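Structure, as structure tokens:
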Amino acid sequence: MGGRLHGQHTLHEEFVPRLVGLHHTGNYQVPLAFPAGAPVVEIVGGRGSGRTALIDAVHDAYIGRVPLARVDLDAPGFGEPSVADLADETAPNASRITQLLYVLAYRLGLDVKHFGKALAFPRLSLGLLVVTAWRPANAGERDVRPADLRRAEADLRTLVTAEDPDLRRRRESLGRWFDLVTANLPQVLSAVPGLDALAGIVLDAARQQLLRGEPDRGALAWWGERLHGSQGYQGDSLQRLFQFVRVFRRLDERRRTAEEHLVAALLDDIDANYGRLRRLNRKPRPLLLIDNAHTATGRAFLGLLERGRAPRTGPVTRPVVLATLLGRGDNHPPLTEASAAGAPGDGPLVLGIPAVEGSHIAEMLSPVDYPDHLPRLLARYSGGRAAGARTLADTAVRRVRETGGGPDTAGLLDEAAPDLLAKLLPDPVVRDRLVLLSAAADPATRRGLWTFAHPEDHSQDLVAARVREADDYRRASCLDGDRALDMVLRHRFAATTPHERWRDTHLRLRSLCDPRGDSYLHHTLALGRTEEVVCALHHRFTAAAPARWLATLNTVCSAPRPRQGYEPPPCAPALSCTACGSDRHGVRHEAVASLVPLLWRLSDPLTLAPREDELTTVRIALETLYGNRAAHAAYLEASTAWPARLRAGVQAPDLPVPEGVPS
Numbered sequence: 000m001g002g003r004l005h006g007q008h009t010l011h012e013e014f015v016p017r018l019v020g021l022h023h024t025g026n027y028q029v030p031l032a033f034p035a036g037a038p039v040v041e042i043v044g045g046r047g048s049g050r051t052a053l054i055d056a057v058h059d060a061y062i063g064r065v066p067l068a069r070v071d072l073d074a075p076g077f078g079e080p081s082v083a084d085l086a087d088e089t090a091p092n093a094s095r096i097t098q099l100l101y102v103l104a105y106r107l108g109l110d111v112k113h114f115g116k117a118l119a120f121p122r123l124s125l126g127l128l129v130v131t132a133w134r135p136a137n138a139g140e141r142d143v144r145p146a147d148l149r150r151a152e153a154d155l156r157t158l159v160t161a162e163d164p165d166l167r168r169r170r171e172s173l174g175r176w177f178d179l180v181t182a183n184l185p186q187v188l189s190a191v192p193g194l195d196a197l198a199g200i201v202l203d204a205a206r207q208q209l210l211r212g213e214p215d216r217g218a219l220a221w222w223g224e225r226l227h228g229s230q231g232y233q234g235d236s237l238q239r240l241f242q243f244v245r246v247f248r249r250l251d252e253r254r255r256t257a258e259e260h261l262v263a264a265l266l267d268d269i270d271a272n273y274g275r276l277r278r279l280n281r282k283p284r285p286l287l288l289i290d291n292a293h294t295a296t297g298r299a300f301l302g303l304l305e306r307g308r309a310p311r312t313g314p315v316t317r318p319v320v321l322a323t324l325l326g327r328g329d330n331h332p333p334l335t336e337a338s339a340a341g342a343p344g345d346g347p348l349v350l351g352i353p354a355v356e357g358s359h360i361a362e363m364l365s366p367v368d369y370p371d372h373l374p375r376l377l378a379r380y381s382g383g384r385a386a387g388a389r390t391l392a393d394t395a396v397r398r399v400r401e402t403g404g405g406p407d408t409a410g411l412l413d414e415a416a417p418d419l420l421a422k423l424l425p426d427p428v429v430r431d432r433l434v435l436l437s438a439a440a441d442p443a444t445r446r447g448l449w450t451f452a453h454p455e456d457h458s459q460d461l462v463a464a465r466v467r468e469a470d471d472y473r474r475a476s477c478l479d480g481d482r483a484l485d486m487v488l489r490h491r492f493a494a495t496t497p498h499e500r501w502r503d504t505h506l507r508l509r510s511l512c513d514p515r516g517d518s519y520l521h522h523t524l525a526l527g528r529t530e531e532v533v534c535a536l537h538h539r540f541t542a543a544a545p546a547r548w549l550a551t552l553n554t555v556c557s558a559p560r561p562r563q564g565y566e567p568p569p570c571a572p573a574l575s576c577t578a579c580g581s582d583r584h585g586v587r588h589e590a591v592a593s594l595v596p597l598l599w600r601l602s603d604p605l606t607l608a609p610r611e612d613e614l615t616t617v618r619i620a621l622e623t624l625y626g627n628r629a630a631h632a633a634y635l636e637a638s639t640a641w642p643a644r645l646r647a648g649v650q651a652p653d654l655p656v657p658e659g660v661p662s
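Per numbering that gives the first Met the number 0, residue 0 is the first one in the sequence shown, and the count goes up by one each step.
The structure is reproduced here in structure tokens:
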């Protein structure tokens with residue numbers, strides 16, 4: 000299991016055991032990190048970062064050892080086999096929250112070896128029963144249930160609404176109604192196909208509560224107290240419970256209030272299962288593993304959990320909740336700090352999944368003898384994502400075994416890029432759009448690029464919508480501005496674009512740019528017109544501030560490179576450098592001429608570690624541009640900083656741009 004996780008061992012092997020109270024492999028107790036109740040732990044990471052792998056590892060460590068429920072809120076039926084998604088979001092007797100609660104109660108209620116009696120959920124099952132099966136009078140809905148169930152409900156309604164009910168008759172009527180509900184669950188739960196078998200198991204706990212002679216005891220009493228004082232609730236506990244369904248059937252904020260009561264019932268049921276004896280024996284806490292909690296259902300459920308976990312007097316047992324969310328993990332403390340985390344004042348404990356590092360990738364590559372540069376290359380293209388690093392490493396290991404030598408880096412990316420992109424961008428239509436749009440250096444030219452590639456789309460509104468949909472999809476996937484994804488998209492574009500199409504694409508993009516701007520020269524270099532770029536940059540050198548010129552060089556030299564065999568289009572008319580003023584080039588022109596092609600090549604993501612003589616060339620060229628002039632101090636600083644950063648693996652456009660202010 001350890002080989003599946005990288006940088007997450009602290010949470011998996013140290014922090015989670017202290018939340019649960021049980022070692023992750025050994026059958027012995029560990030001191031609780033939060034004796035008064037652990038906070039909800041939210042784990043944030045991007046696509047492919049290892050969120051699901053972490054949930055899987057915790058699940059594998061504790062399944063069959065503690066009451067445990069694992070759900071995927073982005074999967075049909077939340078990952079429960081045979082259960083479909085909610086058929087109608089406006090169903091009067093079901094919501095995604097009630098569907099989730101059925102799944103959680105079922106899974107948490109399974110027998111666990113050496114734990115003792117299985118967890119029971121009488122409060123929750125009562126609430127789910129009335130929400131699912133009870134129809135208020137004059138509901139105004141088409142009733143397709145069997146006639147005997149409708150008759151039993153009508154008889155029970157008379158007794159439930161009576162001011163002074165006959166408790167014996169009411170108990171008998173409840174029994175008949177419950178039996179008919181259970182026998183007809185597929186029809187009752189038609190909004191959630193496949194849930195009936197699981198719901199039948201959960202609702203068994205409601206039967207004995209309903210058939211008690213006294214409505215002011217047990218789980219019924221909990222509902223009576225919970226709803227006491229709320230507007231519109233009258234009568235004894237059972238009567239209030241049956242009135243509760245009207246609140247749920249309101250398709251507005253009142254439904255969320257009803258769902259809050261149901262989540263509170265879940266939490267109080269869990270607490271009630273931990274009596275004095277279980278607490279004295281320090282039985283481990285139940286574990287809720289919630290994957291993809293960034294969904295609307297996940298956000299709503301986490302909010303309900305937070306409100307339901309309000310502090311109470313006396314000992315209370317709350318479930319351990321680990322929830323993964325899609326987002327930027329680097330905005331939060333990393334998982335490696337989990338053990339040192341203190342209890343937050345309010346709200347959840349939010350942790351980010353750390354990036355996979357070169358040492359982790361080296362571990363993945365360990366089955367073969369790999370070249371020294373390979374971990375850095377794979378880290379560059381993986382963007383720190385565990386899934387991407389694993390895909391690249393597995394491909395590299397396979398290619399080394401097949402060839403008996405170091406893998407061809409371009410071929411390695413050609414093979415791995417489709418899988419990488421499929422993991423990050425599951426929608427194939429959007430994926431193809433983003434591959435095309437990756438060729439544009441300037442966002443303002445992307446619509447023109449789409450029109451060039453898809454002349455059949457005549458409407459400007461349609462073109463704008465195509466580009467916007469791609470951007471929105473990427474943004475929703477938390478991949479906006481992701482440099483590693485850009486590299487893979489550009490590689491895929493180069494690998495799948497014929498040379499002639501490459502040339503025409505960048506000619507079109509260049510025509511859409513301001514000739515005085517950096518993007519114009521960026522696309523000129525992508526075309527392979529190196530000499531034209533050198534002349535233009537030498538001309539700008541004579542007038543631009545050093546920091547601005549270095550920033551331009553950074554942007555221009557980050558241009559993508561065509562595949563091998565490409566021939567650049569000829570320049571017309573013949574080039575001459577206006578800064579030189581003659582056909583004879585000066586030392587600064589020669590310095591620019593040595594920098595541009597070298598930095599362009601060293602900034603290709605597929606480039607191996609630069610040679611020392613290449614770094615020396617960069618240094619000397621920048622020193623030449625400095626020319627011992629105080630106003631050009633930025634070039635002198637860059638002459639030291641850029642070779643060092645290039646040696647460390649930094650590439651344009653990320654080379655540092657010093658201000659070079661004279662002291």
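Glycine included, every Cβ here is placed at the ideal spot set by N, Cα and C.
All figures in this text were calculated on a predicted structure; none of them were measured in a lab.
Any C-beta of chain D under 9 Å from that of residue i
{"i": "P318", "result": "Note that chain D does not occur in the displayed structure, where there is just one protein chain."}
DSSP beta-bridge partners of residue i
{"i": "P333", "result": "G351"}
{"i": "E658", "result": "Paired residues: none, contrary to the question."}
{"i": "L286", "result": "L67, V319"}
{"i": "Q28", "result": "L21"}
{"i": "V40", "result": "L321, L348"}
Residue i - DSSP class collapsed to helix/strand/coil
{"i": "L21", "result": "strand"}
{"i": "T323", "result": "strand"}
{"i": "Q7", "result": "coil"}
{"i": "Y61", "result": "helix"}
{"i": "A386", "result": "helix"}
{"i": "G580", "result": "coil"}
{"i": "L565", "result": "Looking at the sequence provided, one finds Tyr at residue 565 rather than Leu. DSSP places Y565 in coil when its eight states are reduced to three."}
{"i": "A133", "result": "Looking at the sequence itself, residue 133 is Trp, so the reference to Ala does not match. In this structure, W133 counts as coil in the three-state DSSP scheme."}
{"i": "H631", "result": "helix"}
{"i": "F33", "result": "coil"}
{"i": "N553", "result": "helix"}
{"i": "E362", "result": "helix"}
{"i": "E162", "result": "coil"}
{"i": "D441", "result": "coil"}
{"i": "E611", "result": "helix"}
{"i": "N183", "result": "coil"}
{"i": "H372", "result": "coil"}
Span of the alpha helix (DSSP H), counted from its first residue to its last, around residue i
{"i": "T67", "result": "Note that residue 67 is Leu in the sequence shown here, rather than Thr. Here L67 belongs to no alpha helix (DSSP H); instead the beta strand (DSSP E) covers 67 to 71."}
{"i": "V191", "result": "No alpha helix (DSSP H) contains V191, which DSSP labels as neither H nor E."}
{"i": "L419", "result": "408 to 423"}
{"i": "Q650", "result": "Element bounds for Q650: n/a, residue is neither H nor E."}
{"i": "L279", "result": "275 to 279"}
{"i": "P596", "result": "586 to 601"}
{"i": "D431", "result": "427 to 436"}
{"i": "D147", "result": "146 to 159"}
{"i": "G231", "result": "Counting along the chain, G231 falls outside any alpha helix (DSSP H), and DSSP gives it neither H nor E."}
As an exercise, report each continuous beta strand (DSSP E) stretch of at least 3 residues that is fully enclosed by the region 84 to 123, in chain order. Fully enclosed beta strand (DSSP E) runs of 3 or longer: not present.
4 or more residues per run - each alpha helix (DSSP H) lying fully within the region 457 to 545: 459 to 475, 482 to 495, 498 to 510, 517 to 525, 529 to 540
Answer yes if the region 279 to 289 comes into contact with the region 122 to 138, meaning at least three C-beta pairs across the two stretches below 8 Å, and no otherwise. no
Is the region 295 to 310 in contact with the region 133 to 142, if contact means three or more CB pairs nearer than 8 Å? no
Closer than 8 Å is the cut-off here; do at least three beta carbon pairs connect the region 86 to 100 with the region 27 to 43? no
Can you confirm whether the region 193 to 211 touches the region 97 to 111 when touching is taken to mean that 3 or more C-beta pairs between the two stretches lie within less than 8 Å? yes
Is the region 426 to 434 in contact with the region 503 to 515, if contact means three or more CB pairs nearer than 8 Å? no
Using a Cβ distance threshold of 8 Å, determine whether the region 561 to 576 contacts the region 512 to 530, with at least three qualifying pairs required. yes
The region 597 to 607 in contact with the region 647 to 658 per 3-pair CB rule at 8 Å: Contact between the region 597 to 607 and the region 647 to 658 is present: 3 or more CB-CB pairs across the two stretches fall below 8 Å.
Flag this pair as touching only if the region 383 to 394 and the region 622 to 636 have three or more C-beta atom pairs under 8 Å; answer yes or no. no
Evaluate the contact criterion for the region 94 to 105 versus the region 149 to 156: three or more CB pairs, one atom per stretch, below 8 Å. no
Across the region 218 to 238 and the region 260 to 272, are there enough close Cβ pairs to call them in contact, namely three or more that are closer than 8 Å? Two segments are said to touch when three or more pairs of C-beta atoms, one from each, lie closer than 8 Å; by this definition the region 218 to 238 touches the region 260 to 272.
Taking 8 Å as the cut-off, does the region 57 to 71 touch the region 348 to 355 (at least 3 CB pairs, one atom from each stretch)? no
Three or more C-beta pairs closer than 8 Å, one from the region 474 to 483 and one from the region 316 to 332: is that the case here? Yes, since at least three Cβ pairs between the region 474 to 483 and the region 316 to 332 fall closer than 8 Å, the two stretches touch.
Three or more C-beta pairs closer than 8 Å, one from the region 40 to 51 and one from the region 328 to 335: is that the case here? yes
May I ask you to verify whether the region 372 to 390 touches the region 605 to 620, counting CB pairs closer than 8 Å and requiring at least 3? They touch, by the three-pair rule.
Does the region 157 to 166 touch the region 228 to 245, meaning 3 or more C-beta pairs lie closer than 8 Å? Taking a cut-off of 8 Å for Cβ pairs, the region 228 to 245 and the region 157 to 166 touch, as three or more such pairs fall below it.
Is the region 358 to 372 touching the region 463 to 472, taking contact as three or more C-beta pairs under 8 Å? no
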